[in-house]
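Undergrad: Here it is, the structure in full.
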Amino acid sequence: MLAKRIIAALDIRDGRVVKGIRFERIQDVGDPLTQAMIYEEQGADEIVFLDIAASQENRNHRSELMAQVGRRLRIPFTVGGGITSVREMVQLVQSGADKVFVNTAAVDDPNLIREGALVIGSANLVVAIDARQIGDQWKVMIRGGHSETRWQLLDWCQYVQDAGAGEILLTSMGHDGTKKGYDLAMLTAVTNTVTIPVVASGGAGRIEDFEALFQQTNASGALAASIFHYGTIGIHHLKEELHRRGIHVRMDKNNPMG
Numbered sequence: 000m001l002a003k004r005i006i007a008a009l010d011i012r013d014g015r016v017v018k019g020i021r022f023e024r025i026q027d028v029g030d031p032l033t034q035a036m037i038y039e040e041q042g043a044d045e046i047v048f049l050d051i052a053a054s055q056e057n058r059n060h061r062s063e064l065m066a067q068v069g070r071r072l073r074i075p076f077t078v079g080g081g082i083t084s085v086r087e088m089v090q091l092v093q094s095g096a097d098k099v100f101v102n103t104a105a106v107d108d109p110n111l112i113r114e115g116a117l118v119i120g121s122a123n124l125v126v127a128i129d130a131r132q133i134g135d136q137w138k139v140m141i142r143g144g145h146s147e148t149r150w151q152l153l154d155w156c157q158y159v160q161d162a163g164a165g166e167i168l169l170t171s172m173g174h175d176g177t178k179k180g181y182d183l184a185m186l187t188a189v190t191n192t193v194t195i196p197v198v199a200s201g202g203a204g205r206i207e208d209f210e211a212l213f214q215q216t217n218a219s220g221a222l223a224a225s226i227f228h229y230g231t232i233g234i235h236h237l238k239e240e241l242h243r244r245g246i247h248v249r250m251d252k253n254n255p256m257g
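So that you can map any letter, position 249 of the sequence shown is 248 in numbering that gives the first Met the number 0, and since no number is skipped, the others follow by simple counting.
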């Protein structure tokens with residue numbers, strides 16, 4: 000059985016780590032390279048960098064930042080935000096990123112998934128999906144969660160898998176930043192629909208939230224931000240507790256951090 004992954008998320012704006020609640024009320028919480036290295040020391044399996052203000056100028060700075068991260072970080076990291084072309088995917092992988100993700104651009108031009116998978120490989124291509132419950136349906140949202148699309152969530156997940164994406168990063172907008180737990184119903188439906196790995200995002204607040212996610216769904220990884228940023232739960236402590244509760248996670252016995 001593959002170990003469940005604990006993934007730290009770093010939202011980047013103007014070269015700084017920021018965090019919001021339900022995609023709003025954004026606050027500065029630190030330097031991205033410093034924060035990533037702390038998470039690596041604490042035992043994170045991966046880091047995800049999301050550029051939430053990916054202007055052309057910021058894209059250039061992003062490549063420089065990812066090159067710095069690639070030189071210093073030993074664990075895998077994924078980067079995305081504003082990627083609209085295969086050329087940008089290639090540039091970020093060449094800068095050192097292990098994986099890149101697309102979101103809005105993939106909905107605007109679904110061929111981007113297939114083309115990207117062919118050029119950089121499915122294993123290196125993640126499709127990030129923001130979803131919100133509207134009535135009795137889960138709808139795919141784009142442009143930072145502000146625009147509703149025609150896609151129902153499960154149909155879009157099936158499409159991106161068929162198009163060649165190697166992983167889905169799924170954020171439940173109704174749970175994002177709330178610390179009330181992952182959206183287990185949504186995640187169960189998605190992980191029962193696709194066979195590629197699904198990483199859960201949105202709502203982690205307690206160790207029990209991670210435990211419920213891994214016991215009740217087939218999610219391969221759990222992404223969190225606020226609880227790690229503010230020290231609510233240390234990553235190493237989280238993994239120790241999950242291991243004690245029977246969840247298969249990768250443990251670093253030499254890691255002194257709690």
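Ideal Cβ positions, reconstructed from N, Cα and C, are used throughout, including at glycine.
Using alpha carbons as the reference points, say which of E45, V78, G115 and D161 lies closest to I234.
TA: When each option's Cα is compared against that of I234, the closest is E45.
Undergrad: Return yes when the Cβ of I119 is within less than 9 Å of the Cβ of A162, no when it is not.
TA: No.
Undergrad: I think F100 touches G69, with their Cβ atoms under 8 Å apart; what is that distance to the nearest whole Å?
TA: Contact doesn't hold; Cβ gap of about 16 Å is too wide.
Undergrad: Where are the alpha helix (DSSP H) runs, 4 residues long or more, that stay fully inside the stretch 61-135, in chain order?
TA: Entirely contained in the stretch 61-135, the alpha helix (DSSP H) runs reaching 4 residues are, in chain order, 85-94, 103-107 and 110-119.
Undergrad: Pull up the distance between the alpha-carbon of I167 and that of G204, whole angstroms please.
TA: Rounded to the nearest angstrom, the two C-alpha atoms are 22 Å apart.
Undergrad: CB-CB under 7 Å to I195, same chain, minus the five flanking residues each way: which ones, in chain order?
TA: Q160, A164, G165, E166 and I167, listed in sequence order.
Undergrad: Could you please give the first and the last residue of the uninterrupted alpha helix (DSSP H) stretch that includes T33?
TA: Its alpha helix (DSSP H) spans residues P31 to Q41.
Undergrad: Do G14 and P31 have their CB atoms nearer than 9 Å?
TA: In contact: G14 and P31 (Cβ atoms closer than 9 Å).
Undergrad: Using the DSSP secondary-structure output, state which residues sit across from L49 in a beta bridge.
TA: DSSP output for L49 lists D10 and G79 as bridge partner(s).
Undergrad: Per the contact definition of three or more C-beta pairs closer than 8 Å, is the stretch 118-136 in contact with the stretch 2-11?
TA: Taking 8 Å as the limit for Cβ pairs, the verdict is that the stretch 118-136 does not touch the stretch 2-11.
Undergrad: Near L183, which residues of its chain fall below 8 Å by C-beta distance, leaving aside the five closest residues on each side in sequence?
TA: Once the five neighbours on either side are set aside, the close Cβ partners of L183 are A211, L212, Q215 and T216.
Undergrad: CA-CA distance, D50 and G115?
TA: Answer to the nearest angstrom: the Cα atoms are 19 Å apart.
Undergrad: Closer than 6 Å by C-beta to G95: which residues in its own chain qualify, once you throw out the five before and the five after it? Chain order, please.
TA: These residues qualify, in order along the chain: M65, A66 and G69.
Undergrad: Mind checking whether G143 and T170 have CB atoms under 9 Å apart?
TA: It is not a contact, given that the beta carbons lie outside the stated cut-off.
Undergrad: I'd like the list of long-range same chain contacts for I82, defined as Cβ closer than 7 Å, with 5 residues on each side in sequence excluded.
TA: Taken in chain order, the residues that qualify are M88, V99, V101 and A104.
Undergrad: Who pairs with L169 in a beta bridge, going by DSSP?
TA: I128 and A199.
Undergrad: Please classify R61 as buried or exposed, where buried requires at least 16 neighbouring CB atoms within 10 angstroms.
TA: With 16 or more Cβ atoms within 10 Å of its Cβ, R61 is classed as buried.
Undergrad: Along the beta strand (DSSP E) that carries S146, what are the first and last residues, could you check?
TA: S146 to Q151 is the extent of the beta strand (DSSP E) around S146.
Undergrad: Could you round the C-beta distance between I74 and L237 to whole angstroms and report it? I think they count as a contact, below 8 Å.
TA: So it is not a contact: roughly 16 Å between Cβ atoms.
Undergrad: Would you report the Cα separation of I206 and A224, rounded to the nearest angstrom?
TA: Each residue's alpha carbon lies about 14 Å from the other.
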